[in-house]
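A.B. asks: Take a look at the following structure, please.
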């Protein structure tokens, strides 16, 4: 038996509820896999990362794969870079649709900004951030390097791209490039893929468990299970559990079978 949580996106209250549901199901000491995208959009990315680190430090059998939003966050702190070639819209990580500003706010609420217009993060928020401003990006990058704990960035950059799970399951963030051996899957495929993956209904060497593409509720597609129920957009974070050859979702009433789509 093992559990999987889809994209959390800075929602600590939703994470705490999901962990309580897992504990009530008898899974507190069972393996738990996080598919990544711990940060952005929600109000407390810092708290989400710290809760998972604390759980691992306490000896919980918790595993996490790298999500594209986690990657963009670490990239910004380390390099100040806000763009990524996989973002086809051209929006930067600081754009409100991607949610990087919310991640920074969870770390930097009290930190000063060395910026000609604003002396604090709160002032910048109140004024309405201009993510395209090079001077603001530099000020935020400098402040982020001072505010974000080194351990958080070290932890993110050490996250694996995939995790093996029992009964031939494979945990990844976004998916796989069908027909390509695991050893030749790229970081871009594993953290960003949609085209050529979401519409693939053929056989795979593993049953793949992923997130990345937000749905209204987790879905079983036969060869893959998408666990992203849209917590980053205000929907519940739904724990998924595998036991005895079957998948289930959890809520306060207990388990509900997660059946392959017809």
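Numbering (full-length UniProt numbering), first residue to last: 1 to 262.
Here a beta-carbon is modelled for each residue, glycine too, at the ideal position from N, C-alpha and C.
These numbers were taken from a predicted model, which means no experiment stands behind them.
(1) Compare the Cα-Cα distances from residue 224 to each of 84, 236, 246 and report the closest residue.
(2) For residue 236, which option in 101, 2, 42, 32 has the closest C-alpha, if you only look at C-alpha atoms?
(3) For residue 242 versus residue 165, is the C-beta distance shorter than 9 Å?
(4) Can you tell me whether residue 216 is helix, strand or coil according to DSSP?
(5) For my contact list, residue 138 and residue 82 are in at a C-beta cut-off of 8 Å; report their separation, rounded to the angstrom.
(6) From the DSSP output, which residues share a beta bridge with residue 243?
(7) Among the candidates 91, 87, 168, 128, whose CA atom is the shortest distance from the CA of residue 193?
(8) Pick from 20, 162, 11: whose alpha carbon is nearest that of residue 252?
(9) DSSP three-state call for residue 230: helix, strand or coil?
(10) Quick one: is residue 186 near chain B, going by C-beta distance under 9 Å?
(11) Output the distance between the C-alpha atoms of residue 197 and residue 141, rounded to the nearest integer angstrom.
C.D. replies: Here's the rundown:
(1) 246
(2) Of the candidates 101, 2, 42, 32, the one whose C-alpha sits nearest the C-alpha of residue 236 is 42.
(3) Yes, the Cβ-Cβ distance between residue 242 and residue 165 is below 9 Å.
(4) coil
(5) Not really, about 10 Å apart at Cβ, beyond 8 Å.
(6) Looking at the DSSP assignment, residue 243 forms a beta bridge with 246.
(7) 87
(8) 20
(9) coil
(10) Annotation note: the requested chain B is absent from the structure, which comprises a single protein chain.
(11) Rounded to whole angstroms, residue 197 to residue 141 spans 34 Å at the Cα level.
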